[in-house]
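Chains F and C, in that order, give the protein sequences.
Residues in the first sequence are numbered consecutively from 314, following the numbering used here.
Residues in the second sequence are numbered consecutively from 229, following the numbering used here.
A virtual CB, placed ideally from N, CA and C, is assigned to each residue, including glycine.
Quick notes on the structure that follows.
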Amino acid sequence: MSAAAGRILVVDDNRVNRLLLGRGLEEQGHSVQFAEHGREALDLLRGSQFDLMLLDVLMPEVDGYQVLAEMKDDPHLRDLPVIMTTALDELESVVKCIEMGAEDYLTKPINPVLLRARVQSSLEKKRLRDQQRELISKFATREVAEDLLTSGFSLGGKFVEAAALFCDIRSFTAIAEAEGPANTIELLNDYYMLMMDAIGHEGGVVNQMVGDGLMAIFGAPSPTPDFRLRAVRAARQMVELVELFDHEQATLGKVQITIGVGIASGQVIAGYTGTQQRATYTCVGDTVNLAARLEAHTKVVRQPILIDENTRAGLNGEIRLEPQGELLLKGKHQPVNVYSVT
Amino acid sequence: MSELDQRALAALREIGGDDFVADLVDTFLNEAPALLQALHGADAAEVRRAAHTLKSNGATFGATGFSELCRELELQAQAGDLTGASALVGRIESEYAAVAAELRR
């Protein structure tokens with residue numbers, strides 16, 4: 314068996330057990346730290362990095378159950394695997410611990426072969442979880458990754474107040490046809506890098522990228538009171554970055570682009586959709602549809618950025634706007650007031 | 229008759245060798261007197277914890293009989309009933325004396 318070394322915290326009020334477990338684990342190549350009770354263990358867990366904890370149940374001050382309960386409430390500790398170490402006559406307490414999130418158990422006195430097997434198996438699971446966490450953070454923003462880790466991949470939805478932003482490149486199909494595959498992908502990558510930078514800088518979350526179109530959310534999953542202002546600032550930044558990009562493209566003799574951005578604010582249904590294996594943070598509802606319509610409407614009124622009345626109400630006069638008339642939405646009787654950001 | 233299950237001691241030697249087992253025995257013998265003293269207390273929770281630790285250490289060194297007596301006391305203390313516990317504590321203490329003597333050898 315390949316013995317990958319781990320950083321292991323051994324928690325036991327019994328000194329004989331600590332010595333025994335520590336020696337057994339060190340012999341197997343791991344580095345070991347000790348805590349004599351639950352409070353000390355939690356302090357150590359919050360102060361340094363561990364790959365695994367071996368936890369006793371019956372301890373003074375803070376017992377094993379309380380440690381598990383506190384870990385469950387802490388997103389940074391929730392994923393740390395825990396192996397309960399317990400006497401043979403306490404197996405009913407093990408059931409409770411496993412229900413509370415412990416991964417496995419070992420009976421005392423510890424058998425070295427079982428110790429090796431259980432520790433290796435838990436460390437392997439930890440490695441897989443770390444890889445998963447890394448993947449999530451690669452494909453989602455930090456906020457989404459944190460939210461996913463906190464909600465533990467629950468796919469449930471909720472109503473949130475947010476601003477939805479849609480953006481796409483004008484006449485992109487024609488550009489793609491003229492430029493060929495390699496240039497098209499390079500252009501898209503440059504474009505996405507700039508857009509995501511502008512959006513991320515204002516705390517927005519890009520949750521859809523389809524072709525040349527992208528959708529971003531402001532105000533969720535992490536609530537921010539000024540999400541409408543942030544969305545509009547991001548849109549302006551996006552337009553400015555594209556102008557700078559075009560300037561550079563022109564000096565290189567390459568194709569230039571223009572974008573349209575639509576923003577609408579209000580209640581959206583937000584949540585994770587997909588399966589446990591592949592999920593995406595998404596928002597749906599009238600607000601989202603309106604943002605998409607506003608983005609499409611930028612071509613009609615020849616303005617780079619259009620926003621709705623609800624978004625305007627959140628700007629406190631900080632941004633210069635021009636009324637662009639009304640937009641009638643499918644299935645709605647009341648037209649929506651539209652403003653362009655100048 | 230031996231108080232200790234030699235298989236348990238062999239398992240300990242397998243983990244850390246003779247010197248390690250000697251250290252472990254010293255640790256147990258140093259800590260046991262205070263734990264035995266705690267068995268005389270009136271606080272059931274503290275009696276339970278001390279009996280629990282002695283039970284665990286007894287099992288580690290293969291002192292099966294000693295460990296079993298400690299378990300009885302642990303269960304009694306867990307139930308919150310310490311009536312008649314002093315006789316049991318007496319048996320634990322004499323059993324400990326025999327275990328300790330053998331471990332010192």
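Less than 9 Å divides the Cβ of residue 594 of chain F from the Cβ of residue 518 of chain F. Residue 578 of chain F is bridged by DSSP to F:476. By the CB criterion at 9 Å, residue 549 of chain F and residue 516 of chain F fall outside the cutoff.
Residue range 634 to 640 is occupied by the beta strand (DSSP E) that includes residue 638 of chain F. Nearest Cα to residue 497 of chain F within the set F:568, F:430, F:434: F:568. The straight-line gap separating the alpha-carbon atoms of residue 575 of chain F and residue 652 of chain F is approximately 10 Å. At a cut-off of 9 Å between beta-carbon atoms, residue 400 of chain F makes contact with chain C. The Cβ atoms of residue 619 of chain F and residue 581 of chain F lie no closer than 9 Å to each other. Residue 316 of chain C and residue 470 of chain F have their alpha carbons spaced roughly 59 Å apart. 277, 280, 281, 283, 284, 285, 287, 288: these are the residues of the region 277 to 290 of chain C whose beta carbon lies less than 8 Å from some beta carbon of chain F, given in chain order.
Excluding its 5 nearest sequence neighbours in each direction, residue 363 of chain F has C-beta neighbours in its own chain below 7 Å: 320, 321, 322, 393, listed in chain order. Neighbourhood of residue 327 of chain F in chain C, by CB distance below 8 Å: 281, 284, 285, in chain order.
In the three-state scheme derived from DSSP, where H, G and I count as helix and E and B as strand, residue 570 of chain F is classed as coil. Taking a contact as a CB-CB distance under 8 Å, the pair residue 488 of chain F and residue 572 of chain F does not count as one, their CB atoms being some 12 Å apart. Here residue 421 of chain F is buried. Its C-beta has 16 or more other C-beta atoms within 10 Å. For the pair residue 277 of chain C and residue 326 of chain F, the CB atoms are nearer than the 9 Å cut-off. Judged by DSSP in its simplified three-state form, residue 650 of chain F adopts strand. Residue F:527 holds the alpha-carbon nearest to the alpha-carbon of residue 481 of chain F among F:494, F:527, F:426, F:427.
Fully enclosed alpha helix (DSSP H) runs of no fewer than 4 residues occupy 351 to 360, 377 to 385 of the region 349 to 386 of chain F, in order along the chain. Under the criterion of beta carbons closer than 8 Å, residue 289 of chain C and residue 257 of chain C do not qualify as touching, at roughly 10 Å. Comparing alpha carbon positions, the residue from F:522, F:510, F:534, F:533 closest to residue 552 of chain F is F:510. Interface flag for residue 240 of chain C against chain F is set, since a Cβ pair is found closer than 9 Å. Interface with chain C (9 Å Cβ-Cβ cutoff): residue 419 of chain F is excluded.
Between the alpha carbons of residue 557 of chain F and residue 536 of chain F lies a gap of roughly 31 Å. Judged by DSSP secondary structure, residue 540 of chain F falls within the alpha helix (DSSP H) whose first and last residues are 540 to 564. Under the three-state reduction of DSSP output, residue 317 of chain F falls in the coil class, being neither helix nor strand. When the beta-carbon positions are compared, residue 397 of chain F and residue 376 of chain F stay at least 9 Å from each other.
Residue 253 of chain C is not a Cβ neighbour of residue 266 of chain C, given a cutoff of 9 Å. Residue state for residue 330 of chain F is assigned as helix, using DSSP reduced to three classes. DSSP places residue 311 of chain C in no alpha helix (DSSP H); its state is neither H nor E.
Residues of the region 325 to 356 of chain F that bring their beta carbon within less than 8 Å of a beta carbon in chain C comprise 326, 327, 328, 329, 330, 332, 333, 336, 337, 340, in sequence order.
For residue 527 of chain F, the enclosing beta strand (DSSP E) begins and ends at 526 to 531.
Pairing residue 629 of chain F with residue 579 of chain F gives a Cβ-Cβ distance that is not under 9 Å. The beta carbon of residue 562 of chain F sits closer than 7 Å to the beta carbons of 568, 569 from its chain, once the five residues preceding and following it are set aside; these are given in chain order. Listed along the chain, the chain C residues whose CB falls inside 7 Å of the CB of residue 371 of chain F are 277, 280.
At a cut-off of 9 Å between beta-carbon atoms, residue 308 of chain C makes no contact with chain F.
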